[in-house]
Amino acid sequence: MTTTHPEWDSTSLKDLTEEEFAHRYSTDRFTASVLGSRMRYVVQHMCTGLLANAFSMILRDWYDFAATISGPPEQNYPMSAVSNSLTLFLGTMDDGLRNTVEEYGPENLRKGDVLICNDPYRAGNHVNDVLFIRPIFAGDRLVSFVTLRAHQLDMGGVVPAGFSGTKRNVYENGLVLGPMLLYSDDQPVASTFNLIFDNARFCALLLPDIKTIYQNLVLGENLVNGSIDRYGVDAYLGATRYSCDVSAEAMRDGLRSLPDGVYEAEEGIDCDGIDDDIEYRLKVKITKVGSKAEVDFSGTSPEARTSINASVLDTKTAVGVAMKFLIDPETPFNSGSYRDIDIILPAGTFISATPPDGAVFIYWESSDPVVLAIFRALESALGERAVGGDYGSLSIHNANGVAADGTPWVTTAQCGGEHGPWGATKDADADNYSVIYSANNLDPATEAIESDFPVVILRKGYVPDTCGAGTNRGGAGVMKDSLWLTDTEHWSSPLHTKRGSGVGVYGGSTGRAGGVWVFDPQHFNVTKKKDLLPTTSEIYAGSTPVAGVLDPEKKTLDPENGVYYYFAATQTWRTKPNAVFRYITNGGGGWGDPVDRDPERVKRDVRDEYITIDGAYRDYGVVVVGDPAHDPEGLRVDMDATTARRTEMARQNGR
Amino acid sequence: MSEKETKVPEGPSVQREAVTENELRALGVDLARDFPGSTADDFKSYPVLSEGGWFKVVKHQKTLQTVSREPWALLGPVSLTSEGLELD
Numbered sequence: 046m047t048t049t050h051p052e053w054d055s056t057s058l059k060d061l062t063e064e065e066f067a068h069r070y071s072t073d074r075f076t077a078s079v080l081g082s083r084m085r086y087v088v089q090h091m092c093t094g095l096l097a098n099a100f101s102m103i104l105r106d107w108y109d110f111a112a113t114i115s116g117p118p119e120q121n122y123p124m125s126a127v128s129n130s131l132t133l134f135l136g137t138m139d140d141g142l143r144n145t146v147e148e149y150g151p152e153n154l155r156k157g158d159v160l161i162c163n164d165p166y167r168a169g170n171h172v173n174d175v176l177f178i179r180p181i182f183a184g185d186r187l188v189s190f191v192t193l194r195a196h197q198l199d200m201g202g203v204v205p206a207g208f209s210g211t212k213r214n215v216y217e218n219g220l221v222l223g224p225m226l227l228y229s230d231d232q233p234v235a236s237t238f239n240l241i242f243d244n245a246r247f248c249a250l251l252l253p254d255i256k257t258i259y260q261n262l263v264l265g266e267n268l269v270n271g272s273i274d275r276y277g278v279d280a281y282l283g284a285t286r287y288s289c290d291v292s293a294e295a296m297r298d299g300l301r302s303l304p305d306g307v308y309e310a311e312e313g314i315d316c317d318g319i320d321d322d323i324e325y326r327l328k329v330k331i332t333k334v335g336s337k338a339e340v341d342f343s344g345t346s347p348e349a350r351t352s353i354n355a356s357v358l359d360t361k362t363a364v365g366v367a368m369k370f371l372i373d374p375e376t377p378f379n380s381g382s383y384r385d386i387d388i389i390l391p392a393g394t395f396i397s398a399t400p401p402d403g404a405v406f407i408y409w410e411s412s413d414p415v416v417l418a419i420f421r422a423l424e425s426a427l428g429e430r431a432v433g434g435d436y437g438s439l440s441i442h443n444a445n446g447v448a449a450d451g452t453p454w455v456t457t458a459q460c461g462g463e464h465g466p467w468g469a470t471k472d473a474d475a476d477n478y479s480v481i482y483s484a485n486n487l488d489p490a491t492e493a494i495e496s497d498f499p500v501v502i503l504r505k506g507y508v509p510d511t512c513g514a515g516t517n518r519g520g521a522g523v524m525k526d527s528l529w530l531t532d533t534e535h536w537s538s539p540l541h542t543k544r545g546s547g548v549g550v551y552g553g554s555t556g557r558a559g560g561v562w563v564f565d566p567q568h569f570n571v572t573k574k575k576d577l578l579p580t581t582s583e584i585y586a587g588s589t590p591v592a593g594v595l596d597p598e599k600k601t602l603d604p605e606n607g608v609y610y611y612f613a614a615t616q617t618w619r620t621k622p623n624a625v626f627r628y629i630t631n632g633g634g635g636w637g638d639p640v641d642r643d644p645e646r647v648k649r650d651v652r653d654e655y656i657t658i659d660g661a662y663r664d665y666g667v668v669v670v671g672d673p674a675h676d677p678e679g680l681r682v683d684m685d686a687t688t689a690r691r692t693e694m695a696r697q698n699g700r
Numbered sequence: 023m024s025e026k027e028t029k030v031p032e033g034p035s036v037q038r039e040a041v042t043e044n045e046l047r048a049l050g051v052d053l054a055r056d057f058p059g060s061t062a063d064d065f066k067s068y069p070v071l072s073e074g075g076w077f078k079v080v081k082h083q084k085t086l087q088t089v090s091r092e093p094w095a096l097l098g099p100v101s102l103t104s105e106g107l108e109l110d
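Each protein sequence line maps, in turn, to chains E and S.
In this text, residue positions in the first sequence follow our numbering: the first is 46, and each later residue adds one.
In this text, residue positions in the second sequence follow our numbering: the first is 23, and each later residue adds one.
Quick look at the structure:
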């Protein structure tokens with residue numbers, strides 16, 4: 046009988062004798078630790094090199110890339126180190142490397158090669174996220190790989206820059222590159238460059254970025270070679286295994302900390318880019334026994350008709366992110382994190398799409414719900430360790446146009462709802478302005494956006510009473526207004542507005558769902574009025590809703606009784622100069638019963654305009670007296686009235 | 023929310039295949055010794071995605087103990103459009 050793991054897996058790494066350790070890893074414990082840390086330094090150094098030299102805003106301002114190190118084919122390509130950057134890439138680069146190299150043939154690789162692949166079905170993510178692979182040789186022996194996956198500003202297809210949930214198949218989606226050499230013997234392969242540059246837009250930005258990526262692969266190769274020269278191949282390969290074993294053991298310990306059981310939950314997204322007749326529902330069933338878990342997605346809705354789908358590798362990444370977040374947040378993420386987790390995933394769902402009709406582009410809209418579903422499923426198992434849900438959708442906004450001199454321009458993920466709140470934990474209130482749990486990026490600087498494009502970022506602020514209430518409060522929904530100065534085409538992809546995504550846990554409340562609107566200058570002309578677009582409810586009646594559950598007359602958010610407005614009702618939103626787009630993200634989930642929140646903390650939230658006086662009364666049972674707008678430091682809590690209100694709430698809730 | 027009726031179609035499922043006692047024996051499993059009280063019905067075979075890619079596993083369902091774990095197709099259940107292309 047074979048078991049999942051060798052028998053020595055049951056022995057803690059810390060309990061190994063020095064002899065056992067050396068036998069297993071071909072080096073001593075100290076050297077293995079040094080080499081593991083060195084690998085993490087190498088990938089971070091590669092990323093710093095790219096960040097500092099990138100021209101494209103999606104790399105320079107968003108940090109839309111990641112680097113990894115993996116072991117050789119005979120070890121089955123273990124990914125031992127990942128960079129502290131775009132999490133969405135980290136789980137896919139592991140399998141993406143294996144799939145790319147195995148198809149190309151590891152025996153065909155030579156020193157000085159750079160192998161690439163961007164096929165979502167082979168390597169995960171979307172076609173703009175090209176995986177660049179550099180094999181590393183010790184003599185004639187293939188011993189390791191360094192990789193960079195970096196978003197290319199354009200890869201062809203029907204939408205400039207690609208970001209859209211409305212593309213209907215791989216043919217509309219963009220250029221698909223199976224495994225092929227980009228560099229051979231450290232020389233560019235002209236046919237590969239021509240293939241890309243004959244199909245992609247904005248090549249003046251792509252070319253220097255690709256050269257920078259190549260140079261940082263060489264940097265990574267040189268640094269790894271330095272380690273091998275100093276410590277030897279056997280120690281290096283032993284440290285590769287050791288790094289993965291450390292992460293596997295940590296995840297195993299995390300799984301043991303959960304009670305055995307079967308945990309189920311559902312999540313989903315509003316619709317696809319054809320119409321709003323179909324809602325896509327994700328089903329997850331987690332079976333946990335001892336230190337092992339199965340995560341089964343059987344029954345999840347079929348793949349969508351447009352490019353909102355995720356690939357199997359995106360789903361694998363999301364599972365890893367969720368489990369790291371909840372039960373193993375301290376140790377580095379790598380291949381070993383999955384050792385005791387088996388994912389059961391049928392092909393042809395909207396989180397395991399297949400070509401040619403299951404187009405994959407804005408895959409995080411479908412894979413972040415995987416994270417949220419696992420958060421929901423494990424809430425009862427985690428008890429007070431449960432974590433609230435985040436804002437659940439990047440609501441990504443792209444815009445394009447042509448400058449007066451005829452130069453085309455495109456914005457990428459800068460002016461929508463890309464950043465927003467997280468959920469609360471047992472330790473504290475949530476962050477209000479981050480990126481979805483499965484991402485990890487920078488927030489592009491307003492000055493850089495306004496310098497590069499005919500747009501003004503008017504507002505980034507928090508919306509009162511959108512946070513999920515709790516003993517610890519969820520993060521607040523973010524309002525972002527952008528003023529477009531010229532004729533512009535927009536692609537807006539808010540896919541999680543029907544229901545709040547920021548699920549409340551441990552007695553906390555779910556954050557409020559958000560929405561998106563366009564304001565025509567005939568309704569309110571920011572430039573002529575020389576004033577910001579108001580935030581009062583009256584302003585919405587003259588807007589054009591893009592997405593959200595809204596009052597059909599007032600066009601204001603009305604999650605309980607409103608009507609759903611469908612984001613792709615207009616596939617391309619065309620605006621005249623001085624139009625304003627407004628995004629409000631979903632709110633983050635609260636942790637713990639709101640009536641247990643210290644009234645002074647509630648008062649502080651009213652002062653800081655995270656919640657209103659009415660919200661304090663309604664959601665927290667705290668009676669705050671005063672004027673937060675004009676005398677914020679003069680606010681006070683009426684303790685007698687608060688006690689009465691909380692007693693009334695407890696009676697209503699049967700406490 | 024007052025919303026029009028939207029469809030939520032049921033998606034595909036991974037079928038867990040039955041395993042016979044002979045197949046378990048071929049895998050080196052002695053039911054009486056290794057899984058006292060269990061029968062072949064307690065084992066299933068199905069593909070999983072984990073560390074190292076896709077595998078076809080045979081597992082004892084009550085304990086999730088794996089008795090066989092063999093590499094499966096590189097891309098698992100996903101078929102490329104170019105799959106099966108013969109150039110010769």
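Where is the CB? At the ideal position from N, CA and C, for every residue including glycine.
Grab me the residues of residue i's own chain with a C-beta within less than 6 Å of its C-beta, minus the 5 sequence neighbours each way, in chain order.
i         : result
Phe498(E) : Trp454 and Thr456
Val712(E) : Absent from the model: residue 712(E). The displayed extent of chain E is 46 to 700, so no value can be given.
Ser128(E) : Val88, Gln89, Cys92, Ala111 and Ala112
Thr47(E)  : Below a pLDDT of 50, predicted positions are generally treated as unreliable, and Thr47(E), at 43, falls in that range; the measurement from the model is reported next regardless. So no residue of the chain qualifies.
Between residue i and the rest of its own chain, which residues show a CB-CB distance below 7 Å, the 5 nearest in sequence each way excluded?
i         : result
Ser288(E) : Gly81, Met84, Ser125, Ala126 and Asn379
Tyr259(E) : Val159 and Tyr228
Ala95(S)  : Trp76
Val357(E) : Leu390 and Ser397
Pro51(E)  : For Pro51(E), the pLDDT reaches just 46, beneath the cut-off of 50, and the residue's location in the model is therefore unreliable, although a value from the coordinates is still provided. Excluding positions up to five away in sequence, the list is empty.
Thr49(E)  : Residue placement at Thr49(E) is flagged as unreliable, the pLDDT there being 41, under the threshold of 50; the coordinate-derived value follows with that caveat. None.
Asn205(E) : It should be noted that the sequence gives Pro, not Asn, for residue 205(E). The residues are Asp199, Arg246, Asn445 and Val455.
For residue i, name the three-state secondary structure that DSSP assigns.
i         : result
Pro304(E) : coil
Glu73(S)  : coil
Glu645(E) : helix
Tyr408(E) : coil
His50(E)  : Low local confidence applies: a pLDDT of 43 at His50(E) is under 50, so the model's placement there is unreliable, and no value is given.
Phe342(E) : coil
Tyr665(E) : helix
Asp510(E) : coil
Val36(S)  : coil
Glu309(E) : strand
Arg286(E) : helix
To the nearest angstrom, report how far apart residue i and residue j are at their CA atoms.
i         : j         : result
Ala404(E) : Arg213(E) : 6 Å
Ala295(E) : Asp472(E) : 21 Å
Ala279(E) : Gly335(E) : Checking the displayed sequence, the identity of residue 279(E) turns out to be Asp instead of Ala. In a straight line, the C-alpha of Asp279(E) is about 34 Å away from that of Gly335(E).
Pro162(E) : Pro401(E) : Sequence inspection shows Cys at residue 162(E); the Pro mentioned does not correspond to that position. Rounded to whole angstroms, Cys162(E) to Pro401(E) spans 17 Å at the Cα level.
Thr362(E) : Leu327(E) : 16 Å
Gly671(E) : Glu645(E) : 14 Å
Ala183(E) : Gly271(E) : 11 Å
Gln616(E) : Asn623(E) : 20 Å
Glu348(E) : Thr360(E) : 13 Å
Asp641(E) : Val447(E) : 55 Å
Thr103(S) : Thr137(E) : 20 Å
Thr332(E) : Ala422(E) : 10 Å
What's the call for residue i, buried or exposed, on a 16-neighbour Cβ count within 10 Å?
i         : result
Glu424(E) : buried
Asn261(E) : buried
Pro414(E) : buried
Thr62(E)  : exposed
Thr692(E) : exposed
Gln459(E) : buried
Gly699(E) : exposed
Shorter than 8 Å, the distance from the beta carbon of residue i to the closest heavy atom of the ligand GDP, or not?
i         : result
Met225(E) : Because no ligand of any kind appears in the structure shown, any question about the ligand GDP cannot be addressed here.
### Query
Quick one: any contact between the region 316-332 of chain E and the region 142-160 of chain E, if contact means 3 or more CB pairs under 8 Å?
no
### Query
So does the region 534-545 of chain E actually touch the region 568-581 of chain E, counting three or more Cβ pairs closer than 8 Å?
no
### Query
How do the region 344-360 of chain E and the region 310-317 of chain E stand: do at least 3 beta-carbon pairs fall below 8 Å, yes or no?
At 8 Å Cβ cutoff, the stretches touch.
### Query
When the Cβ atoms of the region 634-644 of chain E are set against those of the region 432-443 of chain E, are three or more pairs found closer than 8 Å?
yes
### Task
Please determine if the region 659-666 of chain E and the region 599-618 of chain E are in contact, where contact requires at least 3 C-beta pairs separated by less than 8 Å.
no
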